[in-house]
Amino acid sequence: MAQSGSRQSIDAVVVGGGPAGAICALTLARGGARVSLVHWDGYSIGGIELVSGRARRLIEQHCPDFFLQVAPGIEVNETVSLWGTPGPVRSSAMFNPWGAGVALERELLDRALRNLASTAGVSVIPDTKVVGIARRSDRWELSLRLGEGEDELLHARFVVLATGRAAARFFDQTPMAESSQIALMASLGQQSDAPGHALHVEAMDNGWWYALPAADGRHFAGFCTSREVVKQRDASLRDFFSRELHRTRLLTPLMTSAEGNPCNTRSARISRITGRTADVRPFSKAAGEGWIAVGDAAFAPDALSGMGIELAIESAQRGAHALLEAIRTAGQHDVFAAYEDSIHARAMRHHETAVAYRYREL
Ligand SMILES: Cc1cc2nc3c(=O)[nH]c(=O)nc-3n(C[C@H](O)[C@H](O)[C@H](O)COP(=O)(O)OP(=O)(O)OC[C@H]3O[C@@H](n4cnc5c(N)ncnc54)[C@H](O)[C@@H]3O)c2cc1C
Numbered sequence: 006m007a008q009s010g011s012r013q014s015i016d017a018v019v020v021g022g023g024p025a026g027a028i029c030a031l032t033l034a035r036g037g038a039r040v041s042l043v044h045w046d047g048y049s050i051g052g053i054e055l056v057s058g059r060a061r062r063l064i065e066q067h068c069p070d071f072f073l074q075v076a077p078g079i080e081v082n083e084t085v086s087l088w089g090t091p092g093p094v095r096s097s098a099m100f101n102p103w104g105a106g107v108a109l110e111r112e113l114l115d116r117a118l119r120n121l122a123s124t125a126g127v128s129v130i131p132d133t134k135v136v137g138i139a140r141r142s143d144r145w146e147l148s149l150r151l152g153e154g155e156d157e158l159l160h161a162r163f164v165v166l167a168t169g170r171a172a173a174r175f176f177d178q179t180p181m182a183e184s185s186q187i188a189l190m191a192s193l194g195q196q197s198d199a200p201g202h203a204l205h206v207e208a209m210d211n212g213w214w215y216a217l218p219a220a221d222g223r224h225f226a227g228f229c230t231s232r233e234v235v236k237q238r239d240a241s242l243r244d245f246f247s248r249e250l251h252r253t254r255l256l257t258p259l260m261t262s263a264e265g266n267p268c269n270t271r272s273a274r275i276s277r278i279t280g281r282t283a284d285v286r287p288f289s290k291a292a293g294e295g296w297i298a299v300g301d302a303a304f305a306p307d308a309l310s311g312m313g314i315e316l317a318i319e320s321a322q323r324g325a326h327a328l329l330e331a332i333r334t335a336g337q338h339d340v341f342a343a344y345e346d347s348i349h350a351r352a353m354r355h356h357e358t359a360v361a362y363r364y365r366e367l
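Going by this note's numbering, the first residue of the sequence shown is number 6, and it counts up by one from there.
Structural data, given as structure tokens:
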């Protein structure tokens, strides 16, 4: 690769600027480490997601007015669900694992978290993809591909992998299989002055639907299904999405116009449809010689558990504390092993909850 530059060596480089990467870098910088965050948007989730009550508290510990001033969203206090129950459930986390939270644009959340990290002293390198990582004696050498097409090298003592579920993991022991679960997502309905405040969840014979209120008064819906179901459809993606949506009991009424009339054409009120990898990535490896993985790169929970962001932040904080300890002392082996055990235990607990609530299998 033709190189056009090299940066100064640092304590740690975080690869990926989603919630896990941003919070890990922020915690490292506040702990006194010299840290860079390399971020490329190519695999970003997009759309609207629910920041759970616990994820919200974790973020507010770093920035108390985050959801009031920095990245405001819509309070979601209710879940309307056909989640393995005979009729709609109106309640909080008692009947399903989603619970209450804030519905927020993912782009806004991620950008605000990266800004927070930057303010804390993290050197954020935007629009840049890490395309290679190699060990050079006691350091890592990262090959960066900058937005303008230039290449650069970055050297660091430690690497944090925060690349999410869709990206290469670089240190993985197991090859990445093609994803088998996919989420099709789009905005629904007409704009209304009174935005909703409930999360809708509905199980179908071929997948799960969810819908969250958006700031523009519409709803944002996702259909999590198998890639096979989408491949074998006999209509355009748009018609397939629309037809499946109209089979639901809970989401169809969200297509109703602001005046209370059902939309007259099936696909008239559906925005551009985007597709995202939605597999559950089981825990494989979360640490090794000079590196750790945080967030979905270590273990990706079911998209439908609504716990992805909180688990990502939780692992990011744990990982950052382990790294700070390793930077201070020479004993990285023990702290990294303890970190990996804690992530493994968390993944197992999540799996048991998923089985108990029956929201795991499609
Ligand atoms: C359809 C769907 C709906 C979901 N809904 C919710 C929800 O409502 N609530 C919830 O809590 N969770 C939800 N989740 C899960 C949640 O989105 C993830 O668990 C969470 O985003 C994980 O954060 P992360 O930082 O580990 O990874 P990500 O958010 O995936 O961030 C990783 C970032 O790293 C970047 N990157 C990757 N490779 C490189 C590279 N080589 N160089 C530079 N940058 C790179 C990517 O572009 C990406 O922006 C959902 C998931 C899906 C698929």
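Each residue gets a CB set at the ideal place from its N, CA and C atoms; glycine is no exception.
Counting of Cβ neighbours within 10 angstroms places D70 among the exposed residues, the total staying below 16. Secondary structure at L31: helix, using DSSP grouped into helix, strand and coil.
Your pair V19 and A30 checks out as a contact, with CB atoms roughly 4 Å apart and the cut at 8 Å. Counting along the chain, no alpha helix (DSSP H) covers V135; the unbroken beta strand (DSSP E) around it starts and ends at 133 to 141. Note that the stretch 313 to 320 touches the stretch 54 to 63; at least 3 beta-carbon pairs, one per stretch, sit closer than 8 Å. Residue burial is scored here from C-beta neighbours: A226 has at least 16 other C-beta atoms within 10 angstroms and is therefore classed as buried.
The stretch 103 to 127 contains, as complete alpha helix (DSSP H) runs of 4+ residues, the segments 111 to 124 (chain order). Taking the Cβ of H251 as the reference point, every heavy atom of ligand 1 lies at 8 Å or farther away. Annotation: the continuous beta strand (DSSP E) that includes A17 extends over 15 to 20.
Minimum Cα-Cα distance from A27 among the listed residues C68, S197, Q66, D115 corresponds to D115. C229 is bridged by DSSP to A188, W213. Per DSSP, reduced to three states, the secondary structure at G293 is strand.
Distance between Q337 and A292, taken at the CA atoms: about 10 Å.
Proximity of the stretch 150 to 170 to the stretch 202 to 214 falls short of the contact definition, fewer than three beta-carbon pairs being nearer than 8 Å.
Burial check for M190: the Cβ neighbour count within 10 Å reaches 16 or more, so the residue is buried. No Cβ-Cβ contact shorter than 9 Å links L259 with V81.
When secondary structure is reduced to three states using DSSP, G78 falls in the coil class, being assigned neither helix nor strand. Spanning the alpha carbons of S185 and E249 requires a straight line of approximately 19 Å.
Between L255 and F245, the alpha-carbon positions lie close to 18 Å from each other. Taking 8 Å as the cut-off, one finds no heavy atom of ligand 1 near enough to the beta carbon of V206. Remark: C-beta atoms of A34 and A125 approach each other more closely than 9 Å. In the same chain as E65, and ignoring 5 residues on each side of it, the C-beta atoms closer than 8 Å to its own belong to F71, F72, in chain order. Check the Cα spacing between S320 and each of A331, A350, R119: the tightest is with A350.
Closest in alpha carbon position to F304, among E345, E233, S231, is E345. The C-alpha of E330 is placed about 21 Å away from the C-alpha of S128. For H44, the Cβ falls inside the 8 Å cut-off from some heavy atom of ligand 1. Contact annotation: R174 and A302 have beta-carbon atoms nearer than 9 Å. With the rule of 3 Cβ pairs closer than 8 Å, the stretch 45 to 54 does not count as touching the stretch 141 to 148. Residue burial annotation: Q196 is exposed, with fewer than 16 other C-beta atoms found within 10 angstroms of its C-beta.
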